[in-house]
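Engineer: As numbered in the working numbering, residues 6 to 348 make up the sequence shown, in order.
Structure incoming, see below.
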Amino acid sequence: MPVRTAVIGVGIMGNVHLDQLAKIPEIVVEAVVDPSEETGKKTVEKHRVPKWFPDTGVMLAEVRPEYVVVASPMPYHAADAIAAFDAGAHVLIEKPLCTSMEEAEAIRAAALRAGRLFTMGFQMRQFSANRTLRQHVEEGRMGTIYHSRVWGGHVMNYPWGRYFHRKSVSLGGVVANTTVHPLDALLWIIGSPEPVAISASSFCKLVRMPDPPINFSGTIDEVSVEDFAHAHVRFADGSSMSIEGNWLMHATDRIMGFEIHGTLATAQSVAPQWQPEHGKEVETVDLEKDIAWHEGTRQEHEEFIRAIRGEGTPMVTFHQALTVQKILCGLYESAAQDREIRL
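Spelled out as structure tokens, the structure:
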């Protein structure tokens, strides 16, 4: 029998999930939730979903879905996920997880209390290049990882949508919403080391630009998040990581990626190459053609459904999700206080 599924929040990412869920025979979407009647009715018509609800609690009580996708605005992630767990559903939460470590711990407690599975929408783990790099690290081919670097953003482009640029409805800007993707992939590849300290700086450049040459559908006066941030993270194993997010990059073909430095090799994600320990030549890793971004969304659902059916384990663990959340929260706290933060 198909897994009975509901999607909470049918904005941009909610629609991406609905598009991909429709391609999976093992899933049937029975309901969507959105406070906007206009948006809800358009969504059920477009995706041929039986029911729209304006309220999460009512939907959970009436539909009793086995699987819930939380794609609501970030401040509602925790409440929606906890309600879904309490109703007996397995839950996928879109990134970022939530707005605080307290909410993150509450989500974990709800999942454990209900005995239900959890995962997150981190599509970059599905990319073949990243899976290959993870295998190299696990096999010890890179030696001891001592430093890594990750960056991600856009070329003069604030993301679309009503929420990404407003601090009141978002944990932050570019790092929380864009750089978080390669950050998670990098942490997953190198084994999710435990972060112990972070020092960060952040800037909101857009509001200071007299005539910003950007692609942005919002109102500049509403912008209250960072469009650039940099951080240095120290881990318990002695390694370090630098993080850079920028929505206002100038022209570049390196808008997102990471580097990993080990005692035996260095690896780059943007042009997958392998540099052997002697440094005399660069070996290009033979990779299968990588998947499209939204295909990664479909694959994460397929993988999670297998876990729900007892045929595997969720790709994202709570430890991994909390590690990402800890870094995000620490970054914003450090930037606000202008000092290093112990995590």
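Glycine included, each C-beta is placed from N, C-alpha and C at the ideal position.
With respect to the alpha helix (DSSP H) encompassing His22, which residues constitute its N-terminal and C-terminal limits?
Structural biologist: Translated into the one-based positions of the sequence shown, residue 22 becomes position 17. Unbroken alpha helix (DSSP H) run through His22: 17-26.
Engineer: Considering only C-alpha positions, which residue in the set Val228, Leu192, Thr224 is nearest to Gln330?
Structural biologist: Here residue 330 corresponds to residue number 325 of the sequence shown, with the count starting at 1. Nearest C-alpha to Gln330: Leu192.
Engineer: Under 8 Å, do His22 and Thr302 count as touching if we go by C-beta distance?
Structural biologist: Taking the first residue of the sequence shown as 1, we reach residue 22 at position 17. Taking the first residue of the sequence shown as 1, we reach residue 302 at position 297. Yes.
Engineer: Rounded to the nearest angstrom, what separates Ala241 and Glu338 at their Cα positions?
Structural biologist: For the purposes of this step, residue 241 is identified with residue 236 of the sequence shown, where counting begins at 1. For the purposes of this step, residue 338 is identified with residue 333 of the sequence shown, where counting begins at 1. When the Cα atoms are used, Ala241 and Glu338 turn out to be separated by approximately 20 Å.
Engineer: Looking only at C-alpha atoms, which of Ile195, Glu305, Gln325 sits nearest to Thr271?
Structural biologist: Reading the sequence shown from its first residue, position 266 is the one you call residue 271. Closest option to Thr271, Cα to Cα, is Ile195.
Engineer: Just to confirm before moving on: does the CB-CB distance between Glu249 and Trp156 stay below 8 Å?
Structural biologist: For this step, residue 249 is matched to residue 244 along the sequence shown. For this step, residue 156 is matched to residue 151 along the sequence shown. Yes. Within cutoff.
Engineer: At which residue ranges does the segment 232-276 contain complete beta strand (DSSP E) runs of 3 or more residues, listed in the order of the chain?
Structural biologist: 233-240, 245-254, 261-267, 271-273
Engineer: Please classify Glu108 as buried or exposed, where buried requires at least 16 other C-beta atoms within 10 Å of its C-beta.
Structural biologist: Residue 108 sits at position 103 when you count from the first residue of the sequence shown. So Glu108 ends up on the buried side.
Engineer: Go ahead and label Trp252 buried or exposed: buried means 16 or more other beta carbons lie within 10 angstroms of its beta carbon, across all protein chains shown.
Structural biologist: Counted from its first residue, the sequence shown places residue 252 at position 247. Per the 10 Å Cβ criterion, buried.
Engineer: DSSP three-state label for Val142, please.
Structural biologist: Locating residue 142 in the sequence shown gives position 137, where the first residue counts as 1. Looking at Val142 - three-state DSSP - the assignment turns out to be helix.
Engineer: Would you grab the beta carbon distance between Pro198 and Ser244 for me? Rounded to a whole angstrom, and I think it's under 8 Å.
Structural biologist: Residue 198 sits at position 193 when you count from the first residue of the sequence shown. Residue 244 sits at position 239 when you count from the first residue of the sequence shown. That belief holds up - the Cβ atoms of Pro198 and Ser244 are roughly 6 Å apart, short of 8 Å.
Engineer: My output table needs one value for Thr104: the three-state DSSP class, helix, strand or coil.
Structural biologist: Working through the sequence shown from its first residue, we reach residue 104 at position 99. Of the three classes helix, strand and coil, the one that applies to Thr104 here is coil, per DSSP.
Engineer: Which whole-angstrom value describes the C-beta separation of Leu327 and Val180, a residue pair presumed to lie in contact below a C-beta threshold of 8 Å?
Structural biologist: What you label residue 327 is simply residue 322 of the sequence shown in a count that begins at 1. What you label residue 180 is simply residue 175 of the sequence shown in a count that begins at 1. Contact between Leu327 and Val180 is ruled out by a C-beta separation of about 17 Å, above the 8 Å threshold.
Engineer: Give a yes or no on contact between the segment 261-268 and the segment 134-150, applying the rule of three or more CB pairs nearer than 8 Å.
Structural biologist: yes
Engineer: Pick from Gln25, Ala134, Val230: whose alpha carbon is nearest that of Pro187?
Structural biologist: In the sequence shown, counting from the first residue as 1, residue 187 sits at position 182. Here the closest residue by C-alpha is Ala134.
Engineer: Would you identify the three-state DSSP class for Pro281, choosing helix, strand or coil?
Structural biologist: Residue mapping note: residue 281 aligns to position 276 of the sequence shown, counting from 1. Low confidence applies here, because Pro281 scores a pLDDT of 47, under 50, leaving its location unreliable and the question unanswered by this model.
Engineer: Assuming Ala340 contacts Ser206 under a Cβ cut-off of 8 Å, what Cβ separation, rounded to an integer in Å, is found between them?
Structural biologist: If you number the sequence shown from 1, residue 340 lands on position 335. If you number the sequence shown from 1, residue 206 lands on position 201. Confirmed, about 6 Å.
Engineer: Going by DSSP, what residue range makes up the alpha helix (DSSP H) through Ser339?
Structural biologist: Counted from its first residue, the sequence shown places residue 339 at position 334. It spans 323-342 - the alpha helix (DSSP H) in which Ser339 sits, taken as one unbroken run.
Engineer: Assuming Ile203 and Ile346 form a contact by the criterion Cβ under 8 Å, report the distance between their Cβ atoms to the nearest whole angstrom.
Structural biologist: Counting from 1 along the sequence shown, the entry for residue 203 is found at position 198. Counting from 1 along the sequence shown, the entry for residue 346 is found at position 341. Ile203 to Ile346, Cβ: 5 Å. Contact.
Engineer: When you compare only the Cα positions, how much space is there between Gln304 and Asn182?
Structural biologist: Taking the sequence shown and counting its residues from 1, one reaches residue 304 at position 299. Taking the sequence shown and counting its residues from 1, one reaches residue 182 at position 177. Between Gln304 and Asn182, the C-alpha separation is close to 21 Å.
Engineer: For Ala111, name the three-state secondary structure that DSSP assigns.
Structural biologist: Taking the first residue of the sequence shown as 1, we reach residue 111 at position 106. Looking at Ala111 - three-state DSSP - the assignment turns out to be helix.
Engineer: What's the gap between the Cα of Val68 and the Cα of Arg53?
Structural biologist: Along the sequence shown, one-based indexing puts residue 68 at 63. Along the sequence shown, one-based indexing puts residue 53 at 48. Approximately 16 Å, taken between the alpha carbons.
Engineer: Report the rounded CA-to-CA distance for Asp24 versus Val212, giving the unit in angstroms.
Structural biologist: On the sequence shown, position 19 is the one that residue 24 refers to. On the sequence shown, position 207 is the one that residue 212 refers to. A direct Cα-to-Cα measurement between Asp24 and Val212 gives close to 35 Å.
Engineer: Which residue comes first and which comes last in the beta strand (DSSP E) that contains Arg9?
Structural biologist: Numbered from 1 along the sequence shown, position 4 holds the residue referred to as residue 9. It spans 8-13 - the beta strand (DSSP E) in which Arg9 sits, taken as one unbroken run.
Engineer: Can you tell me whether Phe123 is helix, strand or coil according to DSSP?
Structural biologist: Locating residue 123 in the sequence shown gives position 118, counting from the first residue. In this structure, Phe123 counts as strand in the three-state DSSP scheme.
Engineer: Is Val238 buried or exposed, if buried means 16 or more other CB atoms sit within 10 Å of its CB?
Structural biologist: Within the sequence shown, residue 238 is the residue found at index 233, counting from 1. Here Val238 is buried, its C-beta having at least 16 other C-beta atoms within 10 Å.
Engineer: What residues match up with Lys56 in a beta bridge as DSSP calls it?
Structural biologist: As a first step, residue 56 is located in the sequence shown; it is residue number 51 there, counting from the start. DSSP output for Lys56 lists Ala36 as bridge partner(s).
Engineer: Can you list, in chain order, the residues of its chain whose CB lies under 8 Å from that of Lys46, leaving out five sequence neighbours each side?
Structural biologist: As a working mapping, residue 46 is identified with position 41 in the sequence shown. Result list for Lys46: Trp57, in chain order.
Engineer: Under 6 Å Cβ to Cβ from Phe221, same chain only, skipping five residues before and after it: list those, please.
Structural biologist: Locating residue 221 in the sequence shown gives position 216, counting from the first residue. So the list reads Tyr163, once near-sequence residues are dropped.
Engineer: Per DSSP, Phe208 is paired with what?
Structural biologist: Walking along the sequence shown from the start, residue 208 turns up at place 203. In DSSP, Phe208 forms a bridge with Phe233.
Engineer: Apply the 10 Å Cβ neighbour rule to Leu26 and answer buried if 16 or more other Cβ atoms are within range, or exposed otherwise.
Structural biologist: To locate residue 26, count along the sequence shown from 1; it is residue 21. Result: buried.
Engineer: In the structure shown, what three-state DSSP assignment does Pro200 receive?
Structural biologist: One-based indexing of the sequence shown puts residue 200 at position 195. Three-state DSSP puts Pro200 in a strand.
Engineer: Taking the CB atoms as reference points, tell me whether Ile13 and Asp85 lie closer together than 8 Å.
Structural biologist: Locating residue 13 in the sequence shown gives position 8, counting from the first residue. Locating residue 85 in the sequence shown gives position 80, counting from the first residue. Contact flag set, yes.
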